[in-house]
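Colleague: In this note's numbering, the protein residues as written are 1374 to 1561.
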């Protein structure tokens, strides 16, 4: 299944869900690790903020259970984040390109959800746009991430929120059991 945004104004440029999502992946790929790589502008705090923003959004707005997040410059391999005590079944990778422009950033982000069992892609999407580094609707949200990661992340939060939310909304929904729902209630 391929869904392409038709509007030139849309932040989401493309989104694709595997043909096997409903029959295989929706019950087998629920517990995720989230990886942001490379770091936005090479800034580790910005990468950590992006990862936390995405983790919280997916945990709150999608039915996945994002158990851990990774934001680093060095390459992350599936074997580094799959399995383990968190029973990670899939990896949601966000690959941002963030370029300063005027009072904000040109942002292009590619997303992919791959299964840990065989590395096969279950979902992919791209989103892009120009976003200001300050957004009056995101002042409180920005202050939350500044408290967590420092003042240096302030200009990166509004663009991250404005590009990640629409992109992550195109993720498919997994099928959760009652036990999964109970587990989800304990996530950040």
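Here a beta-carbon is modelled for each residue, glycine too, at the ideal position from N, C-alpha and C.
1. What residues in its chain sit with their C-beta under 7 Å from that of residue 1460, if we drop five residues either side in the sequence?
2. Looking at C-alpha atoms only, which residue of 1554, 1540, 1548 is the closest neighbour of residue 1430?
3. With DSSP as the reference, label residue 1516 as helix, strand or coil.
4. What first and last residue would you give for the alpha helix (DSSP H) that runs through residue 1505?
5. Any idea which residues DSSP pairs residue 1461 with across the strands?
6. Whole angstroms is fine: what's the gap from residue 1495's alpha carbon to residue 1416's?
7. Using only CA atoms, which one of 1518, 1501, 1509 lies nearest to residue 1387?
8. Going by beta carbon distance, what residues of the same chain come within less than 7 Å of residue 1492, once the five residues before and after it are set aside?
9. Thinking C-alpha only, which one of 1428, 1547, 1543 is nearest residue 1406?
10. Which one of 1466, 1477, 1437, 1471 has the shortest CA to CA distance from residue 1546?
11. Taking the alpha carbon of residue 1457 as the reference point, which residue from 1441, 1448, 1465 has its own alpha carbon closest?
Modeller: Let's see:
1. 1404
2. 1540
3. helix
4. Taken as a continuous stretch (DSSP letters only), residue 1505 belongs to no alpha helix (DSSP H), being part of the beta strand (DSSP E) at 1494 to 1505.
5. 1456
6. 29 Å
7. 1501
8. 1451
9. 1428
10. 1437
11. 1441
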